[in-house]
Structures are given as structure tokens and as C-alpha cells.
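In what follows, a single structure is set out as C-alpha cells and then discussed.
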Amino acid sequence: MTLSLGDVAVGDELPELRRIVTPGDVKAYADASGDQNPLHQNDEFARSAGFDGVIAHGMFTMGHMAACVTGWVGDRGSVVAISAQFRAPVTMGEEIVAGGRVRALDTDARTATLELWVSSRHDGEETWPIKRGEATVKLE
Amino acid sequence: MRAVDPHAEGIRYADVEFVVDPARVSAFRAVFGQSDGVPPTFLTAAEFEVFPQVIADPRVDLDFTKVVHGGQTYELLRPLREGETLTVRARIESVKVRAGTGFLTIAMDMVDGLGDPVARTRSTMIERTLI
Numbered sequence: 219m220t221l222s223l224g225d226v227a228v229g230d231e232l233p234e235l236r237r238i239v240t241p242g243d244v245k246a247y248a249d250a251s252g253d254q255n256p257l258h259q260n261d262e263f264a265r266s267a268g269f270d271g272v273i274a275h276g277m278f279t280m281g282h283m284a285a286c287v288t289g290w291v292g293d294r295g296s297v298v299a300i301s302a303q304f305r306a307p308v309t310m311g312e313e314i315v316a317g318g319r320v321r322a323l324d325t326d327a328r329t330a331t332l333e334l335w336v337s338s339r340h341d342g343e344e345t346w347p348i349k350r351g352e353a354t355v356k357l358e
Numbered sequence: 012m013r014a015v016d017p018h019a020e021g022i023r024y025a026d027v028e029f030v031v032d033p034a035r036v037s038a039f040r041a042v043f044g045q046s047d048g049v050p051p052t053f054l055t056a057a058e059f060e061v062f063p064q065v066i067a068d069p070r071v072d073l074d075f076t077k078v079v080h081g082g083q084t085y086e087l088l089r090p091l092r093e094g095e096t097l098t099v100r101a102r103i104e105s106v107k108v109r110a111g112t113g114f115l116t117i118a119m120d121m122v123d124g125l126g127d128p129v130a131r132t133r134s135t136m137i138e139r140t141l142i
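Here it is in C-alpha cells:
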């Protein structure tokens with residue numbers, strides 16, 4: 219099922235999607251994506267690069283953001299564009315929260331433009347691993 | 012202090028083939044708790060067919076031990092199909108150095124077996140100064 223144009227209004231919020239990031243998740247992501255950068259698997263390397271320990275791939279966080287979108291729109295094939303800038307690292311054990319809202323609708327193209335974000339907490343402070351993500355999705 | 016070389020702008024890499032391997036798609040979906048379709052960010056796996064060449068390219072002179080991912084854009088003209096083979100055409104779209112920090116943007120076009128465009132990707136890597 220894919221959302222229809224008539225089901226969606228500007229300002230609608232996407233249901234939040236939460237997950238706690240574990241080293242097992244990040245290893246599984248590294249294997250599936252092909253990104254074996256030691257920054258995401260080797261604490262010593264990550265510390266030498268100035269982090270507290272291994273950090274999740276930016277693309278892991280973006281993949282989570284994309285899952286928030288596809289879970290809402292109901293059809294993975296309907297994402298026609300998605301983008302993100304990575305603003306803060308995600309360390310192991312953090313709970314990341316993806317969310318978004320409908321910014322614009324194009325009734326001729328039957329697409330919705332979404333603003334998206336992923337927030338987290340690190341050392342008690344709110345962080346924004348992705349602050350201004352965007353996607354365009356095709357609706358029925 | 013060394014940094015990524017601005018002269019690398021415009022470099023094009025030889026075409027690379029990428030198979031949208033169903034087993035790999037399935038493993039990728041599993042990471043995100045999904046059961047069907049090809050997730051849009053699976054395009055990263057195709058990009059990683061090329062990134063090692065860029066990282067090893069002396070003309071780019073990137074210090075990969077200092078690299079973090081700065082940003083990513085995907086445009087999909089249609090969903091990827093499991094089992095299909097894509098041709099990946101990559102180029103260095105821009106290189107900027109500001110205060111010793113390098114910003115390298117790699118753009119790729121992915122086309123299918125009929126030569127039709129399927130996706131465009133843009134990845135920005137940041138080469139950090141201070142370790």
C-alpha cells in the first residue's frame with residue numbers, strides 16, 4: 219500500500235522511528251553496504267580520529283531516516299529523492315529518533331516533499347545527526 | 012599541511028558494473044527491519060564500487076584516516092530492481108579546501124542495461140584537519 223495524494227496534507231508529521239544503535243547493527247550495515255571504514259568498527263582507530271569510540275556510518279543514520287519515510291509512505295519504490303547532511307556523530311548505545319513532516323505537495327506530479335531529521339542524545343545533550351534532511355516521495 | 016588536491020576536480024573514472032545482488036539487498040533491508048523492495052539508500056553499495064579507486068587515487072591525495080561523510084544526495088528515476096546490473100559512471104564534481112579542511116564531492120550516474128538512467132548520487136567527504 220502506498221499513501222494517496224488525498225491522504226496527505228502539508229504539515230502532516232511522519233510517525234517517529236526510534237532505535238538504539240549497537241555495534242552489531244553497525245557491523246551488519248558495514249557488511250551489507252561495503253563500507254568497512256575502521257572508524258565504524260575499531261574503537262582504537264576511532265579514538266585516534268578524535269571520537270569517544272566507534273561511530274555509526276552516516277549512511278546508517280540516513281538509512282534509518284529513509285526507513286522512517288518508507289514506513290510512512292508504504293512503498294520503498296516511491297522515494298524519488300532523498301538527501302542529508304551529517305551534523306553530529308552517533309556513538310554506540312545512543313537512541314536515534316527519525317522524524318519528519320510534509321513541507322509541500324505537488325498535485326500534478328503527485329509527489330510530496332518532506333523535511334526530515336534524526337535527533338539523538340550524547341552525554342545528556344540533544345544532538346542532531348541529521349538536522350535538515352529532505353525527501354521527495356511519489357504518492358498514488 | 013597537506014589536504015585533498017583541488018586539481019582533482021573534474022577527474023572521471025572508468026565505468027564500473029554493479030549487480031543489485033538480491034542476497035545483499037536482503038541483508039541491507041534486514042539492518043533496517045524491512046521485508047521487501049530495494050531501499051533507496053542501497054545505492055551506497057554501488058557507490059562503494061568506486062570509492063576505493065578515489066581513495067587510492069594519488070591525483071586526489073585524500074587521507075582516508077581523516078575522512079568523515081559530510082553529506083549525501085540520491086535521486087532515483089525509478090526503483091532499483093533486484094538482480095539487475097547497473098553501470099556506474101563516477102566523477103569528482105568539486106574539491107574545496109577551507110581552513111585546511113577538504114571537501115570532496117563525488118557524483119555518479121547509474122544506468123541500466125538499456126542505457127537508461129536509473130539514479131544519480133552525490134557524496135561529500137570531509138577530510139578533517141585536526142586529529
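Chains as they are written, first to last, in this note's numbering: chain X, 219 to 358; chain Y, 12 to 142.
Even glycine gets a Cβ: it sits at the ideal position worked out from N, Cα and C.
Being a predicted model, the structure only gives us computed values, none of them experimental.
Going by beta carbon distance, what residues of the same chain come within less than 8 angstroms of residue i, once the five residues before and after it are set aside?
i         : result
Arg89(Y)  : Val129
Pro256(X) : Phe263, Ala264
Met277(X) : Tyr247, Ser251, Asp253
Arg102(Y) : Gly21, Ile22, Arg23, Tyr24, Ile117, Ala118, Met119
Pro143(Y) : In this structure chain Y extends from 12 to 142, so residue 143(Y) is not present and cannot be described.
Phe269(X) : Leu257, Pro307, Thr309
If you drop the 5 nearest sequence neighbours on each side, which residues of the same chain put their C-beta closer than 6 angstroms to that of residue i?
i         : result
Ile142(Y) : Low per-residue confidence applies at Ile142(Y): pLDDT is 46, beneath 50, and the placement is therefore not dependable, though the value from the model is reported in the following sentence. Within the same chain, Ile142(Y) has no close Cβ partners at all.
Ala56(Y)  : none
Arg131(Y) : Glu86, Asp120
Phe29(Y)  : Ala57, Glu60, Leu97, Val99
Phe304(X) : Gly276
Val31(Y)  : Leu91, Glu93, Glu95
Asp26(Y)  : Thr98, Arg100
Val78(Y)  : Met136, Glu138
Where does the unbroken beta strand (DSSP E) through residue i begin, and where does it stop?
i         : result
Gly317(X) : 313-324
Gln303(X) : 297-303
His18(Y)  : Here His18(Y) belongs to no beta strand (DSSP E), and DSSP marks it neither H nor E.
Met136(Y) : 128-138
Tyr247(X) : Element bounds for Tyr247(X): not the beta strand (DSSP E) but the alpha helix (DSSP H), 241-251.
Gln83(Y)  : 78-87
Pro63(Y)  : Taken as a continuous stretch (DSSP letters only), Pro63(Y) belongs to no beta strand (DSSP E), being part of the alpha helix (DSSP H) at 62-67.
Glu231(X) : 231-238
Val308(X) : Element bounds for Val308(X): n/a, residue is neither H nor E.
Ser105(Y) : 96-109
Ile117(Y) : 112-122
Glu93(Y)  : Here Glu93(Y) belongs to no beta strand (DSSP E), and DSSP marks it neither H nor E.
Phe29(Y)  : 27-30
With respect to the alpha helix (DSSP H) encompassing residue i, which residues constitute its N-terminal and C-terminal limits?
i         : result
Glu58(Y)  : 54-58
His282(X) : 276-291
Asp261(X) : 261-266
Ala38(Y)  : 33-42
Determine the chain Y residues that contact residue i at a beta-carbon separation under 8 angstroms, and present them in chain order.
i         : result
Met280(X) : Thr52, Gln83
Thr288(X) : Gln45, Gly48, Pro50, Pro51
Ala284(X) : Phe43, Pro50, Pro51, Thr52
Return the bridge partner residues of residue i from the DSSP annotation.
i         : result
His340(X) : Glu343(X)
Glu356(X) : Per the sequence presented here, residue 356(X) reads as Lys, with Glu not at that position. DSSP lists Thr329(X) as partners of Lys356(X).
Gly271(X) : BP columns for Gly271(X) are empty, so no partner.
Arg23(Y)  : Arg102(Y)
Taking C-beta pairs closer than 7 angstroms, name the residues in chain Y that residue i reaches, listed in chain order.
i         : result
Val297(X) : Pro51, Leu87
Asp243(X) : Val42
Can you name, in chain order, every residue of its own chain whose Cβ lies under 7 angstroms from the Cβ of residue i, other than the five neighbours on each side?
i         : result
Ile66(Y)  : Leu73, Phe75
Ala353(X) : Val287, Val297, Ala299, Ile300, Leu332, Leu334
Ala302(X) : Met280, Met283, Ile348, Gly351
Using a C-beta to C-beta distance shorter than 9 angstroms, which residues of chain X count as neighbours of residue i?
i        : result
Ala56(Y) : Ala250, Ser251, Gly252, Asp253
Since residue i contacts residue j with CB under 8 angstroms, what's their CB separation in whole angstroms?
i         : j         : result
Arg321(X) : Leu223(X) : Not confirmed; about 15 angstroms, so no contact.
Thr240(X) : Leu357(X) : Their Cβ separation, rounded to whole angstroms, is 34 angstroms, which puts Thr240(X) and Leu357(X) out of contact at 8 angstroms.
Ser338(X) : Glu312(X) : 5 angstroms
Residues of chain Y with CB under 9 angstroms from residue i, in chain order?
i         : result
Asp326(X) : The contacting residues do not exist; Asp326(X) stays about 18 angstroms from chain Y at best.
Gly276(X) : Val79, His80, Gly81, Gly82, Gln83
Gln303(X) : Gly81, Gly82, Gln83, Thr135
Which residues in chain X sit within 7 angstroms of residue i, going by Cβ to Cβ distance?
i        : result
Phe59(Y) : Ser251, Gly252, Asp253
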